[in-house]
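Numbering (our numbering), first residue to last: 458 to 576.
Heads up, the beta-carbon is just placed ideally off N, CA and C, and yes, glycines get one too.
These numbers come from a predicted model, not from an experiment.
One structure is given below, encoded as C-alpha cells.
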Amino acid sequence: MNERLFGIHGAALTLRSERMGVIASNIANAATPGYKARDIDFGAALDARLASQRGDGAATSDPRAGMVWRNPTMPSLDGNTVELNREQVAFAENAVAYSASLSFVQGKVNTLTRALKGE
Numbered sequence: 458m459n460e461r462l463f464g465i466h467g468a469a470l471t472l473r474s475e476r477m478g479v480i481a482s483n484i485a486n487a488a489t490p491g492y493k494a495r496d497i498d499f500g501a502a503l504d505a506r507l508a509s510q511r512g513d514g515a516a517t518s519d520p521r522a523g524m525v526w527r528n529p530t531m532p533s534l535d536g537n538t539v540e541l542n543r544e545q546v547a548f549a550e551n552a553v554a555y556s557a558s559l560s561f562v563q564g565k566v567n568t569l570t571r572a573l574k575g576e
C-alpha cells in the first residue's frame with residue numbers, strides 16, 4: 458500500500474534517513490584512526506528497496522544494499538578516509554532531498570485527510 462499511496466517517496470524517506478545516519482557516523486569518526494568512510498548509493502538502494510516491496514524474486518531486502526565505501530581524494534596518514542568538507546556537503550544535500558520527499562508525503566496525507574472529511 459505504501460508504494461501505491463506515496464509512490465517512491467515512502468521508500469525514499471527511509472533511505473534518506475538511513476543515509477543521514479551513515480553520513481553522521483562518518484562525521485563523528487572524522488578523527489578516528491583507520492576509520493573508512495561509507496555512503497549509500499541512493500539510486501541502487503532505492504531500486505533494491507522498491508523491487509523487494511514489489512516482491513521481485515531476484516530482489517534482496519538486505520539493508521546494506523547500496524552501501525559503498527567512499528574513495529578519498531586525499532587519504533590521511535592514519536588511514537582515515539573521512540573528508541569532512543565532502544561529508545558536510547553530502548549531509549546538506551541529503552537533508553534537502555529528505556525535506557522535499559517529506560513535503561510531498563505530507564501534502565499527500567493532507568489531501569487524503571481532506572478527502573476523507575469531505576472538504
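For ARG495, the enclosing beta strand (DSSP E) starts and ends at 495-497. With 16 or more other Cβ atoms inside 10 Å of its own Cβ, VAL479 counts as buried. Residue range 524-526 is occupied by the beta strand (DSSP E) that includes VAL525, with no alpha helix (DSSP H) assigned at that position. Assigned with DSSP and collapsed to three states, GLY564 falls in helix.
With respect to the C-alpha of TYR555, the residue from GLY564, LEU470, LEU462 having the closest C-alpha is LEU470. In this structure the segment 520-530 touches the segment 538-555; the number of beta carbon pairs closer than 8 Å is three or more. Taking a C-beta distance under 8 Å as the contact criterion, TYR492 and ASN551 do not qualify as a contact pair. With contacts defined as CB atoms closer than 8 Å, VAL525 and ARG495 qualify as a contacting pair.
Comparing alpha-carbon positions, the option among GLY564, VAL539, ALA547, THR568 lying closest to ASN483 turns out to be VAL539. Of all alpha-carbon atoms in PHE548, LEU569, VAL566, the one lying nearest the alpha-carbon of SER474 is that of PHE548.
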